[in-house]
Structure formats: structure tokens, C-alpha cells
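The next block holds one structure in the form of C-alpha cells; read it before the comments.
Structural data, given as C-alpha cells:
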């Protein structure tokens, strides 16, 4: 568990973004969004203390009226086990990709892939 303290996501780069409006939703239809996230640790590349981990985020709808695909790389500083990636890697990838997907889907006239949940007020915790 010690490696988690020494690891951080230094950046996320999008290399490929594709979105397509395939049709118009039928009147009164509820869009159901399906999201698949693939973090490809086996294709990770180390360069001068930074591990670049490729990922693909695919979003599609039911009924099939919109698709979004985002591919990129997460740059992780420090030691990381690419065969057993911690949530500190997946979380920032999903946040960045979902934000980008929400912007793209808005341009295509669709709601965001996941509704934004309001955050409850945080109270400070003192140890």
C-alpha cells in the first residue's frame, strides 16, 4: 500500500474524440446511456519517471441515437502497478472523459451521459 502515497495522475491527454448523432429519439422515449471504460494497463509506457496509461471511454444510448468515443492517455507520476491500478488512476480519467463527453453531447443536443449529482455540504473533520 505504500506505493499509493508516491503516485499521482499528472495529466490526462485526449488523443481521439469521436461523437455521432445517429438519429432523433422517438417522441417520449427515455434515453438510457451505457458507458464502458477500458484502462489498458498492459499497454502502459514508462518515460522518465512517468507512466503513460492508455484508456478508451465509449458511450452509447438506448435507443441507439448517439455514440461518443474518447481515447487518450493518463500520465501517472511515481510507482504504479499497471496490472492492478488503484482508484486514484481510474477516477480522474472518468471525471475528465465524462466532462468532455457532456460538452460534446450538449453540442449534439443530448443531455449529459450521467446526471450531475449535487454534492452535499462538506463538514471539516479534525483528527
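Numbering (our numbering), first residue to last: 108 to 234.
Cβ coordinates follow ideal geometry from the N, Cα and C atoms, glycine included.
On a CA-only basis, which of the options is nearest residue i? Give me that one, please.
i           : options            : result
residue 217 : 168, 186, 192      : 168
residue 148 : 181, 142, 133      : 181
residue 179 : 190, 155, 205, 187 : 205
residue 133 : 165, 152, 170      : 170
residue 221 : 209, 183, 150, 128 : 209
residue 165 : 183, 142, 150, 156 : 142
Apart from the five residues on each side of it in sequence, which residues of its chain come closer than 6 Å, Cβ to Cβ, to residue i?
i           : result
residue 57  : One cannot answer for residue 57 here, as it falls past the ends of the chain, which runs 108 to 234.
residue 125 : 176
residue 87  : This structure does not reach residue 87, given that the chain is present from 108 up to 234, and the question cannot be answered.
residue 108 : Legend: pLDDT at residue 108 = 44, less than 50; position of this residue unreliable, no value from coordinates given.
Just the Cα atoms here: how many angstroms apart are residue i and residue j?
i           : j           : result
residue 144 : residue 200 : 9 Å
residue 114 : residue 121 : 21 Å
residue 117 : residue 189 : 16 Å
residue 186 : residue 152 : 13 Å
residue 174 : residue 154 : 33 Å
residue 241 : residue 119 : Given that the chain is displayed from residue 108 to residue 234, the structure contains no residue 241 and the question cannot be resolved.
residue 123 : residue 219 : 19 Å
residue 211 : residue 191 : 31 Å
residue 184 : residue 156 : 6 Å
Per DSSP, which residues does residue i bridge with? Please list them.
i           : result
residue 118 : 182
residue 165 : 143, 176
residue 154 : 157
residue 127 : 174
What residues in its chain sit with their C-beta under 8 Å from that of residue i, if we drop five residues either side in the sequence?
i           : result
residue 111 : Bear in mind that the predicted position of residue 111 carries a pLDDT of just 47, short of 50, making it unreliable; the figure below should be weighed with that in mind. Only 193, 195 meet the Cβ criterion.
residue 197 : 144, 146
residue 202 : none
residue 207 : 121, 124, 177
### Query
Any contact of the region 136-143 with the region 152-160, i.e. 3+ C-beta pairs under 8 Å?
no
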